[in-house]
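Listed in order, the protein sequences are those of chains A and U. FYI, in the working numbering the residues of the first sequence are 34 to 695. FYI, in the working numbering the residues of the second sequence are 407 to 741. Here the structure comes first, spelled out in structure tokens, and everything after it is commentary.
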Amino acid sequence: MSRKMSRRDFMKLLTAGAGGVVLASCTPSEPETITVVETKEVIKEVTATPPSVVQEELADVLGTFPRRETLITDILTGRVGSPDNFNEWVGWKNRDRGMQTLANEPLWSVDFATGEIVNGLADGDPKYNADFTTCEIPLRKGVAWDDGEPFSAADVVFTIETLMSNDQWSAHSFFVENVKSVTAKDDNTVVFELAQPNSRFHTRFLDRWGCTWIMPKHIFEKETDQINFKFNPFVGCGPYKLHSFDPQGFWTAWVKRDDWDKSPAGMMYGEPQPKYIVYQNFANEGAKILAQLTHQADYLNLSSDGLKAILAQSKTSRAYQPTFPWVVNNDPCITGITFNTARAPFDNVEVRWALLLAIDIVAYAATAVDGSGTLSPVHVPHLGAYPKDYIKPMQDWLKKFTIDVDGEAFAPYDPDAPKRIAEYAKGRGYVFPDTPEFTEQAFGLGWYKYAPEVAEKLLLKNGFSKDKDDKWLLPNGKPWKITFLCATDTTTHATRNAMGAVQEWRKFGIDAELFPSDAGANLNGVGDFDVSGNWPAQEPWGAGADLYRTLDWYNTTYIKPVGELTSGHPSRWCSDTLLEIIKELRETDPADTAAVIEVGTRGLQELVKEMPGIPTYGYTGFLAWDETYWTNWPGSENAYSQPYPHWGPFKYQTPKLKATGA
Amino acid sequence: MNFVKRYLIPRLIQYLLVIFLGITAVFIIPRLLPNDPVNTMIGVMQARGQQLEPGAIDGMVTSLKEMYGLEGSWWEQYVAFWGRLFRGDFGVSFFQFPTTVNEMVGRAMPWTLGLLLTATVINWPLGNIVGGLAGYYSRKPWSRVVDTIAMIVRPQPYYIFAFALLLILGYAIPWFPVAGGTEIGRKIAFNWPTIKDILRHSFLPALSLVILGGAINFQTMKLIVQNVNAESFVQYAKLGGVTENRIVGRYVIRNALLPQITGLALSLGQIFSGALITEIVFSYPGLGGLLFNAIVNGDYNLIMGITVFSIVGIATAILILDLLYPLFDPRVRYT
């Protein structure tokens, strides 16, 4: 018996089939959900408030992972281009998707929240000889790779020799220039003989959002083509190991090691709490916000507007600070303005100072970050140990510091600037503790006066003039036009600073305008700009007192002519005085804190005098935590660790997180 | 033979010339941008916290130029580029060194093809058939209702429309996931759970493309049909007693379909460029995001790899369309 299917029958069957597929695909793949009574609160004040009761359905699973045992965060640097390749010693492999944060262990890490340098695979500080030509590093005993093989000095020696053997490794040039030989004194001690004196050689292994990590010798030595070796699965000494990844690069999942106590993180801080940690890419901020509102993302990096949206919508999300300004304000980076001192008139220090004094920092900070940045008058941010070591001790010097204006001394420093910003914030209706401690922590210790009349005198003295419309003219009589190079992404601090500066300078009578470009890295590097939103100074380490990283970036030996990629700071500025200070610092033992601070302070003073770039406020990050599944986040009231999921010490944070049992 | 001499061979020459010029332009244009890939790579590495000691940067510039194949004059690079291209090798991605462009494109292509082909295969016939009928029966109430819906939907900016879908069906009524091509932890395999998972994740992106694409096809087709409907041959057919179904199917829609077929060929060719906004809104994998990141990072090889596919795709689609046109339009002859 057979019957020819009619066209109508076929259409019915097709419709039913299509409907079935759609309905099947609509069904959640893991349908089991339970109803729980959830106790969460929105933190409005610093002091604790009684929890409110929120009833909602919470999922048992996140994808294929048990939700209560899983922590999920976003990938700061976006979708992973080559997800199956974990060979991070060559090219860019999005190591913030878990390699540097969970599965890898450096010799040392910077924790900028505590201002400490944490020993990882190293068992203490490096020991240099008197002329800094040898460096001995003690290694931690009892550490094992996540495949069970013991870690030893042989791994370190193998790593360095491998990196020196092929110029395609990213760190090849550095080690070839700096290392004469490397030997294992014993299983737990490695000794470097340096090619030239270098008192900061060890910082190459200090994880400050990146460093040189150690390769597992027992894996890499078997590979003949180590450059193209994908190192999949990844093997590290951190407390987590690779679980799985999306071949399209949208997520990478890590699982807690059974032998987590063989990792330095486990030895120091105990058992990590989340069993699984997933790094997921969200291609737009709206998707991130929706994910956290539906409890599918615990830990998010956001824009200012994104954070405000989450805090307004979510009953379970919180920011780094429980009150205004909410932001993460202890990132070890100072934002601001960079002058191209290879281009007139920015080669003139009086012009640079005039442009600074034409800025009303309250209006500037309002435009840039709605008053939420922490000011710093010097070229290091107001965080960690820097206020204690530098900014506070420099207050007297800053107050006494003067610039010459038509033969009269003018003291530009304004210790009341933070209070003025606090007043602005109060005027906006923001509620926050009205204490000197909070004002200092949130708004800083001081900045510079708004003195347009002084700025005017400085410019007139240098041949500038004004036209009939009160617009500034260059000494050659042409209109003064400043083009401010910034990023096309308006949420970046380069652009936020640019918006603040352009507004202030236009108010002052200069024809200033924004120049947003995606080629900013290149234009800054080759010196094709007037003024840019590039960091006004290289970021310091973020822990310890040493400012060598910041100051050496101005070294004249790195400066290239305009048109060529500079190796140093894009301002292309240096002075003989600073060169001497850099030399002195290079010859100072980094472990000699008092000496380092003394030399570093003189370096900062020279930068203030010459002002090759204007420091404004410290980098502010916008972070949202969902407290549905995990709590005890390192917020400002409990800053036991740096707060980001993309920095190396995130692995040290995981033992302190608490599961809510939701 | 006349067809081969007078049409096919000149058309093939034109096809190859378009591809040659297009690929040459793709080679030149990124090099005119101010985004030097080596400087950008170093800038990005610094911005991402990589410790690049100032003294080591010079050495790195030299190494990167060598690795990226950027040493020598443009002409030397151009010749080397064609040499590689004939071997089907687009080189390595600058940014994801040493991952090859072929590997990256090959990984993203199935997602783009799967999504865009499906969306096109649904929205094109749907929009055209409904649009054709609505144009012919333009006074019927159902035609006016569908037309009103299309008029509301079509002017919506795609990003807003797609995000609204995400909000409604991903958040307010959480039937579909808010991000990704598969659920987290899913290992891709050819089995029903994986297929179901992919369908579930691709439903919203596809729906957004089908609705907006369908609305565009609907409105275009409706307007064309209304014009064709006024032609004298349709009036004669009606007067001659030809059945209405035959007039609609054989006379009106078939004539009105010709410009739509050209549009379909171009759409199919453009598939190889990906659907950037769809990929961004739904965090969906594909070529669009890959191309966008390549442009931002100055990744010449990856830009060239993707755009070569696009150039060849569009040129081939137009060639095939030209060759097949007589099948759709009996008035076209190659003799």
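No residue lacks a Cβ here, since even glycine has one placed at the ideal position from N, Cα and C. None of the values given here were measured: they were computed from a predicted structure.
Using alpha carbons as the reference points, say which of U:Asn-661, U:Leu-422, U:Leu-439, U:Asn-508 lies closest to A:Ser-115.
The shortest C-alpha separation from A:Ser-115 is found at U:Asn-508.
Thinking U:Leu-664 and U:Ile-720 are a contact (beta carbons under 8 Å), I'd like their distance in whole angstroms, please.
So it is not a contact: roughly 19 Å between Cβ atoms.
Under the three-state reduction of DSSP, which class applies to U:Val-631: helix, strand or coil?
Note: U:Val-631 maps to helix in three-state DSSP.
With distances taken Cα to Cα, identify the nearest neighbour of A:Ser-604 among A:Pro-466, A:Leu-493, A:Ala-375, A:Tyr-673.
Ranking A:Pro-466, A:Leu-493, A:Ala-375, A:Tyr-673 by Cα distance to A:Ser-604 puts A:Ala-375 first.
Select from A:Gln-474, A:Thr-356, A:Phe-372, A:Tyr-457 the residue whose C-alpha is nearest the C-alpha of A:Leu-408.
Out of A:Gln-474, A:Thr-356, A:Phe-372, A:Tyr-457, A:Gln-474 has the C-alpha closest to the C-alpha of A:Leu-408.
When the cut-off is 8 Å and only beta carbons count, does A:Trp-284 lie next to chain U?
Closer than 8 Å: yes.
Specify whether the segment 620-631 of chain U and the segment 565-579 of chain U touch according to this definition: at least 3 beta carbon pairs, one from each stretch, less than 8 Å apart.
Cβ pair count under 8 Å is below three, so no.
Let me confirm a value: A:Asp-467 is counted as buried when at least 16 other C-beta atoms fall within 10 Å, else exposed. Which label applies?
With fewer than 16 Cβ atoms within 10 Å of its Cβ, A:Asp-467 is classed as exposed.
Could you tell me how far apart the beta carbons of A:Leu-333 and A:Ala-352 are, in whole angstroms, since I believe they sit closer than 8 Å?
About 11 Å separates the two Cβ atoms, so there is no contact after all.
Kindly indicate which residue of U:Arg-493, U:Pro-436, U:Val-738, U:Thr-668 has the alpha-carbon position closest to the one of U:Ala-723.
Per the Cα distances, U:Thr-668.
Quick check: what's the CA-CA separation for U:Leu-422 versus U:Phe-715?
Taking the straight line joining both Cα atoms gives about 14 Å.
For A:Lys-274, count neighbouring Cβ atoms within 10 angstroms of its own Cβ and tell me buried if that reaches 16, exposed if not.
Counting Cβ neighbours within 10 Å, A:Lys-274 comes out buried, since at least 16 surround it.
Hey, how far is the Cα of U:Ile-419 from the Cα of U:Leu-727?
Going by the C-alpha atoms only, they are around 16 Å apart.
Go to A:Asp-544, then tell me how far its beta strand (DSSP E) extends in each direction, as first and last residue.
First-last of the beta strand (DSSP E) with A:Asp-544: 544-549.
Listed in chain order, which residues of the segment 625-640 of chain U have Cβ atoms closer than 7 Å to some Cβ of chain A?
Of all residues in the segment 625-640 of chain U, none has a Cβ within less than 7 Å of some Cβ in chain A.
Which residues, in chain order, does the segment 652-686 of chain U contribute to contact with chain A at a C-beta distance below 9 Å?
Of all residues in the segment 652-686 of chain U, Glu-685, Ile-686 have a Cβ within less than 9 Å of some Cβ in chain A.
Just verifying my parser: in three-state terms, what is the DSSP assignment at U:Ile-555?
Reduced to three states, the DSSP call for U:Ile-555 is helix.
Is A:Ser-296 helix, strand or coil by DSSP?
It is coil, neither helix nor strand.
By DSSP's criteria, A:Asp-437 is part of a beta bridge. Which residues make up the other side?
DSSP output for A:Asp-437 lists A:Ala-442 as bridge partner(s).
Just to confirm the assignment, what range does the alpha helix (DSSP H) spanning A:Thr-704 have?
Chain A is shown from 34 up to 695; residue 704 of chain A falls before or after that span and cannot be answered.
A:Ile-436 and A:Pro-569: beta carbons closer than 8 Å?
Not in contact: A:Ile-436 and A:Pro-569 (Cβ atoms no closer than 8 Å).
Assuming U:Ser-716 is part of the alpha helix (DSSP H), what are its boundary residues?
Element bounds for U:Ser-716: 706-734.
Here's the rule: buried if 16 or more other CB atoms are within 10 angstroms of the residue's CB, otherwise exposed. What is U:Arg-513?
So U:Arg-513 counts as buried.
Look at the alpha carbon of A:Met-532 and the alpha carbon of A:Leu-547, and state the distance between them as a whole number of angstroms.
So the two alpha carbons sit approximately 7 Å from each other.
In this structure, does DSSP put U:Arg-417 in helix, strand or coil?
Of the three classes helix, strand and coil, the one that applies to U:Arg-417 here is helix, per DSSP.
U:Leu-572 to U:Thr-524, Cα distance in whole Å?
Looking at the two C-alpha atoms, the distance is approximately 19 Å.
Quick check on U:Ile-594: buried or exposed, where buried means 16 or more other Cβ atoms within 10 Å of its Cβ?
Label assigned to U:Ile-594: exposed.
Going straight from the alpha carbon of A:Tyr-302 to that of A:Tyr-685, what length do you get?
Near 6 Å, if we compare the C-alpha coordinates of A:Tyr-685 and A:Tyr-302.
Determine which residues share a DSSP beta bridge with A:Pro-512 and list them.
Looking at the DSSP assignment, A:Pro-512 forms a beta bridge with A:Leu-506.
Rounded to the nearest angstrom, how far is the Cβ of U:Pro-583 from that of U:Thr-684, given a contact under 8 Å?
In fact, because the Cβ distance is near 15 Å, the residues do not count as touching under 8 Å.
Please list the residues of the segment 502-524 of chain U that have a C-beta atom closer than 8 Å to any C-beta atom in chain A, keeping them in chain order.
Against chain A - using a Cβ distance shorter than 8 Å - the residues of the segment 502-524 of chain U are Gln-502, Phe-503, Pro-504, Thr-505, Glu-509, Met-510, Arg-513, Ala-514, Trp-517.
Closer than 6 Å by C-beta to A:Trp-606: which residues in its own chain qualify, once you throw out the five before and the five after it? Chain order, please.
Cβ neighbours of A:Trp-606 beyond the five flanking positions: Thr-374, Pro-645.
At the 8 Å Cβ level, is U:Ser-479 part of the contact set with chain A, yes or no?
Cβ-Cβ to chain A under 8 Å: no for U:Ser-479.
What whole-angstrom Cβ distance do U:Thr-713 and U:Val-432 have, given they're in contact under 8 Å?
Confirmed, Cβ separation roughly 5 Å.
What distance in whole Å lies between the Cβ atoms of A:Leu-637 and A:Val-411, which are believed to be in contact at a cut-off of 8 Å?
Sure, about 5 Å apart at Cβ, within 8 Å.
Could you pull the start and end residues of the alpha helix (DSSP H) that U:Ala-525 belongs to?
Here the alpha helix (DSSP H) through U:Ala-525 covers 507-542.
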